[in-house]
Amino acid sequence: MRLEGSLQLVLLLALTSRATGLRIPLEVEQPPTIVSHTLGPIIVLPFDNTITVQCQAIGNPPPEYRWTKDGRTFIPSEFSKIRTDQRNGTFVLHNKDLVQFQGKYRCFAYNKLGTAMADEIEIIVPNIPKFPKETLNRFIVLEGEPIVLKCNPPEGVAPRQIYWMSLDLQHIEQDERVSMGTDGNLYFSNALQKDSRPDYCCFAAFPTIRTIVQKTAMAVVIKSLKADNGSSDSGEVAEAPPARMPSLLLPSGVQTVKLFLKGEAMQLECIPEGYPTPNVTWIKMGGNMTGRIKLTNFQRLLSIPAVEERDQGKYMCTAENSAGKAVHYFDVIVEEPPKWLTEPPRSQLTVIGSDVHIKCSVSGKPPPVITWRRNGEIFRDDDSNRRVLEDTVVLHKATPEDSSVYQCEASNDHGSLLANVNIMVINMAPLILTRDYQEYAVVLGEDVHMNCSVFSSPPSNIFWSKDDATLEGERFFESEQSLKIFSTEKADSGKYVCVAKNTEGTSTVTAVLDVKDPTKIVAPPRDVQVVSGASAQLMCEATYDKTLRGTFEVVWKKDGEEIPLFLEENSRYFVDDDMLQIMNVNLSDQGNYTCIAQTSLDEDAATALLTVLDVPDAPTNLEISEIKSRRNISLSWIPGSDHSSAIAEFVVEYEESKWEPGRWKELQKVVGNQATAELALHGHLNYQFRVYAVNAVGPGPPSEPTRRHETPPAPPERNPENIKIQGHLPHQMDISWEPLLAIEHNGPGLEYKVSYRKLGVEDVWTEHMVKRHSFVVRNTSTFVPYEIKIQSRNSDGWGPEPKVVTGYSGEDVPTAAPRDIAVEVINTTILRVSWTQVPYATVRGHLGGYDVHWVRRKSLLNPNRVLDEHHAMTFTGKRSHAIVPGLEPFSEYKLTVNVFNKKGNGPKSDPVTFSTPEGVPQQVPILTASNPHKDSILLVWGPPLEANGILSGYHLQYHLINETSLEVLDSQEVNISGPDTTRWQLWGLKEGRLYRFHLSACTQAGCGPALAEESRTVTIEGVASQGSDFSTQGWFIGTMCAVALLTLIALMACFVRKNKGGKYAGTPPLQRQDMFSMEKVKEKEDLHPDLESQEMSDDTFNEYSDSDEKPLKGSSLCSLSGEDAAGDSVSRDSLVDYTDGGGEFNEDGSFIGEYSGRKQRGSVSGPSGPGPVTA
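The numbering used here numbers the first residue of the sequence shown as -16 and each following residue consecutively.
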């Protein structure tokens, strides 16, 4: 298969070469033309399994083949060891007994029109090289005499390499005295004692056949000279050899003629002998030594790599020493084998009756001899029209019988040239070789060639037309056998006719042209920046001619290399419609991405740059240099790549081996455009440093650590901070501070000096040295100010002068109670309390504030029942009044005040008793409209759960409503004076109309929020009349009343359960009042004041307004959980932020906000004045 492929390739090359000469299609009868043959010689190597000898020709009829070997007929098929190819003249020799096939072979290809012959192919089967077995005598030479050790290497496959070595494969040292000639012999210009050795070996290496052969070792003995010029083999001291005039060991004689072929390497060699060792020089007689001449092998070898005719001439080498000189002359002659002066003679096609000239122009030295053959046979002048004139053959008035293969062979002593010339004498009508209706496709705007290949004799005239019209215009160009259209247009599509015409006839062929839309990228990829690890997306949308859909594809390349898509299982590249996705991008993905949209006709490309943003590389080359001392250094580095995201900062980290070995900590940050950092270090530590860079993507890896840098001990650089002075007991002072970090010790033996004295009383400091970071001063006065300072010290000295801080000794509970307690009831739920502050000395600590305690003793609605509900609020800071919210209307209270500090509460003040006035009632819990008639409706309701005073009656408003616009058309009011009334029949209503009713309960303080209900009067007609009669039945009215009563009872139970234990709970049933009272007292006693959550300013009391209708947070109409959402914590809320006056309240006295009552929709009367206060 490999043989066939190579033959096809050679055939293709031969046909291409042939097309530049005579173009004769194989459809026409023609003599053979050899298109491929083996070029000799063929040297058979031992490891070659087969030897192929090729010969392939074309012709019509197909040629046959014959071979000659050494001028005699050779038939390969007669040998069983030869395999022949039936399709051509090639045969294959198997590597067995190949010696019998040595010789010169020639291939002949023939058919009825002629015979072509190939150059001779020589097959050489070399013998395996080896040295002959021989016994060599020792070379015994006097010191100073020359020696020649002959190698006589065997012949073999070139190249051949010669080496002189010892038996232990050590090279023999060569110099001006001892050198190897090109013939392989080893030459000694003069022998020295050190040349004596028994193992001079010549090795011949043949790399092509991988063979090395060795000659028998030769022994050399050098005999020294005595002082009396005699020789001695003993170890006596000898004199140096006498001087000896040079002569040449190589070449011999005085003059040598050297013949070289042009282009070969020229080598001239002179190896002298004599003592001392002669020097060799070269000159060219009558000329200059060109720059191409090289002198090697210690000036003994003159060489020119490729000899030219100008190098011809006489060269002289001179060997000279102190005793004289010797010369040798080289006559250099340069010749060359035959070569074509221009090119080989071309094959010719001519018409009958014309003269044919075949010229064989060659040169060479000596001049080549030209031999002419016709169909492989020697061709000379004859009596016909054929003449041979040295290098030219003339065919006068050629006829078809003159059609043959003529061979021109030029040869001299150095080689030969052979040319086969096909001469065809024929008259033939045009033969169009292009397929009829050949289709051509071209992209709009591009050029197109449409072929019309024609063979004819004589040559044809060719014309093109389209739609029976001659082609006109600069865009149409008719060449010899094609039509070229420049810048094609859509209108160029269609059928084109090529007409070929000569004297023998006319032929036509049609070509079809289709002009396609170009491929164009309409949405090219854009440059994009992607963070490493994310996905990148590159768009590439293209348009193309839809008839080329089957050949359209989009190819992506990165930096010129195509990206393999879907070929690898773990590929990170995916193409989805018009998008290239790169998953998990890394730095190797950065580069230029080219989108190529292509069809079988054209392509369009667009390129975008993908920039991968990644964390910076680690800095390198960290260097430490001292600035002032070993504790003040400069650290420098070389930044790593920022990976397309500018470095924002460098972070210098340190690790020290004394306290926390192996743990890296941040030391300093440096801006990104700076590659140095000045570092102030602590003492008595062994540091190493590293640096990492940070950019917008994140922090990069750290650099390699620096070498260790040790700092000497030093005094501490700072004193402790965050000094705290506390008095946990009345007669002691606890001092604590934040100790120095371990690395801040700066040396061994760290301790602290604690100094203190009474502020403004003592001048002398009391001092103590401690190693811990706390100290207790005992037996102090209660709450006395002290000055304190703490200073660091280690074995190397003291730290800086410390700062003085002020603190107090231990506190005790206050001893005095506030006096002059006064209470002003602002409305039904809020009062203002004031007092005289306690003397500062009695506080005995830091003033925390004041606690206000009040107890609801009883409700004035039920004065015989004792409630005893305790409440308290805390007001921080130095103050003398407060606002107390959350009181119940129409109740009697007792109130006390006490001061407190961090240690605890002081004694309570004398109690003050006061009462709250009546308030407006709560909203009625239920309102139903029933028993509708044509002009009346029955209203039923339940009394308010909390009357907040003595209930005086109810206020009823009812409105006639427009059912379309929902506007109020008419309004009426009714005051119901009976406090026990729970139903009311309204008369005088309009038939079949919608009414809205608003009912509120009232006390002397006013009316509470109203509850709304809607109902409709009935229309007396048809079924409506029956319904009306039904609704007036007594049993129905009773049922409705029972339902209303049960609903009212259920709602009251919900409210009672919901308000159980709450600050704003309503009055429970009489049989459970005592129980509720005890539970509230217990809850209040369990509460601990929250000092932090009750800081309020008296000046913000105006936040509470009558117009605010927000409900109390966490409250609901009825909670089944039985727990108040706000809990008792509301009683601890501070109203310090509310002013003494100017506040706005609802009519029932409750304020809106955190302390508001239940949601109210309005009021009907103004607030009552302050109630009486008793002390």
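For every residue, glycine included, the Cβ atom is placed at its ideal position computed from N, Cα and C.
Alpha-carbon to alpha-carbon, residue j and residue i
i       : j      : result
SER286  : PRO442 : 56 Å
PRO59   : THR382 : 37 Å
TRP837  : ASP803 : 16 Å
LEU1095 : LEU928 : Below a pLDDT of 50, predicted positions are generally treated as unreliable, and LEU1095, at 33, falls in that range; no measurement from the model is reported.
PRO602  : GLU544 : 32 Å
LEU1074 : ASN888 : Reliability of the predicted coordinates at LEU1074 is poor, the pLDDT of 35 falling under 50, and the value obtained from them is presented with this limitation in mind. Going by the C-alpha atoms only, they are around 12 Å apart.
GLU649  : LEU668 : 16 Å
ILE130  : LEU232 : 9 Å
TRP642  : TYR769 : 36 Å
HIS397  : PRO350 : 11 Å
GLY428  : ALA631 : 53 Å
TRP970  : PRO915 : 10 Å
GLY42   : ASP497 : 37 Å
THR279  : THR301 : 15 Å
THR1002 : SER898 : 54 Å
LEU1230 : SER394 : The chain is shown from -16 up to 1158; residue 1230 falls before or after that span and cannot be answered.
PRO731  : ASN777 : 6 Å
VAL425  : LYS499 : 6 Å
ARG70   : ALA289 : 42 Å
ASP795  : TYR937 : 58 Å
Where residue i falls, given that 16 or more other Cβ within 10 Å makes a residue buried
i       : result
ALA1025 : exposed
ASP559  : exposed
THR947  : exposed
LEU251  : buried
ASP572  : buried
VAL404  : buried
HIS711  : exposed
HIS692  : buried
MET566  : exposed
ASP587  : buried
Proximity to residue i [Cα-Cα], best of the options
i      : options                           : result
GLU463 : TYR479, VAL437 and ILE565         : VAL437
CYS184 : ALA174, GLN282, LEU169 and GLU901 : LEU169
VAL903 : LEU878, GLY860, GLN987 and ASP893 : GLN987
ALA679 : GLU643, VAL760, ASP597 and LEU618 : ASP597
VAL388 : VAL677, PHE633 and ALA92          : ALA92
GLY23  : THR896, VAL75, SER619 and GLU103  : GLU103
ILE17  : GLY730, LEU844 and MET100         : MET100
PRO785 : ASN705, HIS714 and VAL568         : ASN705
HIS728 : VAL957, GLY743 and ALA697         : ALA697
THR819 : ALA800, GLY831 and TYR556         : ALA800
SER738 : GLY730, ASP746, VAL744 and GLU750 : GLU750
SER608 : THR689, ALA223 and PRO288         : THR689
VAL431 : THR471, THR98 and GLY516          : THR471
TYR423 : PRO413, CYS435, ILE415 and ALA412 : CYS435
GLN671 : GLU638, ALA663, ALA658 and ASN656 : GLU638
SER583 : GLU536, PHE633, LYS541 and ASP779 : GLU536
ILE341 : SER330, GLU996 and ALA676         : SER330
GLU687 : SER346, TYR735, VAL635 and GLY961 : VAL635
According to DSSP, residues forming a beta bridge with residue i
i      : result
LEU939 : VAL957 and LEU982
SER348 : A small correction: the amino acid at residue 348 is Lys; Ser does not occupy that position in the sequence shown. In the DSSP output, where bridge partners are listed per residue, LYS348 has GLU319.
THR51  : THR56 and ARG89
TRP781 : ARG776
ALA402 : CYS391
PRO682 : VAL677
ASP559 : MET562
Completely contained alpha helix (DSSP H) runs for the segment 811 to 896, where each covers 4 or more residues: 823 to 826
Continuous beta strand (DSSP E) assignments of at least 3 residues falling wholly in the segment 726 to 755: 734 to 741 and 749 to 753
Length-filtered (3 minimum) beta strand (DSSP E) runs lying within the segment 586 to 644: 586 to 596, 603 to 612, 615 to 621 and 630 to 639
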